[in-house]
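Q: Can you read through this structure? Questions will come right after.
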Amino acid sequence: MMARLLSRLAVSVAIVAGLAAAAAPFKDTLSLAKYLAQLKPAKADLRTSYGPAKSQYADLYLPKDAREAVPVVILVHGGCWNVEVPAETLASNAADLTRAGVAVWNIEYRRIGEPGGGYPGMYEDVGAAFDMLRSVAGAHRLDLTRVTVVGHSSGAHLGMWAAARHKLPAGHALRGADPLPVRSVLSVGGAPDIEHAAELLPIACPGVATINQVVGARTPDRAKPFADTSANQMFPLGIRTRSIMGEYDDVLPPYLGLWWQRLASRKGDDVDTHVIKGGGHFDLVATSEPEWQEVRALILAEAKR
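Count along the sequence shown starting at 1, add 14, and that's the number in my numbering.
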């Protein structure tokens, strides 16, 4: 699996490596190739399927020797919403977080390039994966009053959306019957406002994802595709949101986090932005890098509060 990821992902988003190299005069940020090379497998304690498709599952990682109910971090991986990038890219992050006493629910979902991927199936899957957490909470002593969502890159868009979908009208196909409440969302190197970031898609995800694949096409019956796919259309969310951006992220630049902060604060939401000094797009989630340690500390502070 990892060998396939190394070869095919490198081809599909090779331009990202070039963009990272362009930042070298400022700081030697982690390239795509080096990020992939440092990935390490980490076996989950439990895998749970929420549908029949191969990609409809979530992995549960548990802390050792927990004596009381533990907070939960839901991880939503990125990768341009594309099938070539799996949830396993965040497996080592999940294992690392459990060492600090939190449980991690690392979700997978159907992505662009596989049957049912993209709009609307991708959203249905992410919502279902979130809600499936309830089915394992009792047996594994998970504290569902302390659920923190962490999404990286395109996963930040989906994670923020899933946390906000309770604002969709009752009966909406993407809302779900009873959306899992979450306490906070951390967008790591992400663009939770996909409407505003849509113009960056041809650069960040060239040939991998189009905005119509991600949010669906505009039709006479659906004049506003972002209305049910972008969290910025659902304010106020009523939850804490944090943007964690890399100073030298040239895939999704830091201004996207500041833009989100501006929008959310104007609507009365609790919001903040942290810019990681010297960080690039991949440094933020590479467990081999010091930037991940800063991100990890922010995640744990939020999860354990």
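Built from N, CA and C at the ideal position, the CB exists for glycine as well. Since the model is a prediction, treat every value here as computed from it, not as a measurement.
Run through DSSP, which three-state label would Y75 get?
A: One-based indexing of the sequence shown puts residue 75 at position 61. Looking at Y75 - three-state DSSP - the assignment turns out to be strand.
Q: Is D139 helix, strand or coil when you go by DSSP?
A: Indexing the sequence shown from 1 puts residue 139 at position 125. In the structure shown, D139 sits in a helix (DSSP, three-state: H, G or I).
Q: Start and end of the beta strand (DSSP E) containing M259?
A: If you number the sequence shown from 1, residue 259 lands on position 245. From DSSP, the beta strand (DSSP E) with M259 extends over R254 to G260.
Q: Cutting at 8 Å between CB atoms, please list the residues of its own chain near A231, excluding the five before and the five after it.
A: What you label residue 231 is simply residue 217 of the sequence shown in a count that begins at 1. So the qualifying residues of the chain are P239.
Q: Which of the three DSSP states, helix, strand or coil, is assigned to L156?
A: Taking the sequence shown and counting its residues from 1, one reaches residue 156 at position 142. In the structure shown, L156 sits in a strand (DSSP, three-state: E or B).
Q: In chain order, what residues of the same chain lie with their CB nearer than 6 Å to the CB of A212, ignoring the 5 residues before and after it?
A: Translated into positions along the sequence shown, residue 212 becomes position 198. Closer than 6 Å at the Cβ level, and outside the excluded window around A212, lie I225.
Q: For W306, does the three-state DSSP call read helix, strand or coil?
A: Walking along the sequence shown from the start, residue 306 turns up at place 292. Note: W306 maps to helix in three-state DSSP.
Q: Mapping the DSSP letters down to three states, classify G65 as helix, strand or coil.
A: Taking the sequence shown and counting its residues from 1, the one referred to as residue 65 is at position 51. Here G65 sits in coil by DSSP.
Q: Decide if the stretch 195 to 206 is in contact with the stretch 174 to 187; the criterion is three or more beta carbon pairs, one per stretch, under 8 Å apart.
A: Yes, the stretch 195 to 206 is in contact with the stretch 174 to 187.
Q: From what residue to what residue does the beta strand (DSSP E) around I290 run?
A: Here residue 290 refers to the residue found at position 276 of the sequence shown. Where I290 is concerned, the enclosing beta strand (DSSP E) stretches over V285 to I290.
Q: What did DSSP end up calling G173 once you bin it into helix, strand or coil?
A: By 1-based counting over the sequence shown, the position of residue 173 is 159. Reduced to three states, the DSSP call for G173 is helix.
Q: Could you check which residue in S149, W95, S167 and Y75 has the C-alpha nearest to that of P134?
A: Your numbering for residue 134 matches position 120 in the sequence shown. Nearest C-alpha to P134: W95.
Q: How long is the line joining the alpha carbons of D263 and G293, rounded to whole angstroms?
A: By 1-based counting over the sequence shown, the position of residue 263 is 249. By 1-based counting over the sequence shown, the position of residue 293 is 279. About 7 Å.
Q: Thinking C-alpha only, which one of V229, N107, V87 and L76 is nearest E138?
A: Here residue 138 refers to the residue found at position 124 of the sequence shown. Measuring from the Cα of E138, the nearest candidate turns out to be V229.
Q: For the ligand ZN, I want to know if V199 counts as a neighbour, meaning its beta carbon is within less than 7 Å of at least one of the ligand's heavy atoms.
A: Looking for the ligand ZN in the displayed structure turns up nothing, as the structure carries no ligands at all.
Q: What do you reckon, are the CB atoms on T112 and L76 nearer than 8 Å?
A: The sequence position of residue 112 within the sequence shown is 98, counting from 1. The sequence position of residue 76 within the sequence shown is 62, counting from 1. Taking 8 Å as the Cβ cut-off, T112 and L76 qualify as a contacting pair.
Q: Along the chain, where does the beta strand (DSSP E) that runs through W95 open and close?
A: What you label residue 95 is simply residue 81 of the sequence shown in a count that begins at 1. Where W95 is concerned, there is no enclosing beta strand (DSSP E), given that its DSSP letter is neither H nor E.
Q: Is the separation between the beta-carbon of L89 and that of N120 shorter than 8 Å?
A: Taking the sequence shown and counting its residues from 1, the one referred to as residue 89 is at position 75. Taking the sequence shown and counting its residues from 1, the one referred to as residue 120 is at position 106. It is a contact, given that the beta carbons lie within the stated cut-off.
Q: Since P320 and A245 are thought to touch, with beta carbons under 8 Å apart, how far apart are those beta carbons, to the nearest angstrom?
A: It is not possible to answer for residue 320, since the shown part of the chain is limited to 15 through 319.
Q: In this structure, does DSSP put A35 in helix, strand or coil?
A: Reading the sequence shown from its first residue, position 21 is the one you call residue 35. Legend: pLDDT at A35 = 39, less than 50; position of this residue unreliable, value from coordinates given subsequently. Here A35 sits in helix by DSSP.
Q: On the criterion of 16 or more Cβ atoms from any shown chain inside 10 Å, does Q227 qualify as buried, or is it exposed?
A: Counting from one through the sequence shown, the residue named residue 227 turns up at place 213. Under this definition Q227 is a buried residue.
Q: Use the C-beta contact count for P66: other C-beta atoms within 10 angstroms, 16 or more gives buried, fewer gives exposed.
A: Mapped onto the sequence shown, residue 66 falls at position 52. The residue in question, P66, is exposed, as its Cβ has fewer than 16 Cβ neighbours within 10 Å.
Q: With DSSP as the reference, identify every bridge partner of N120, one or two as the case may be.
A: Taking the sequence shown and counting its residues from 1, one reaches residue 120 at position 106. Answer is D73 and L89.
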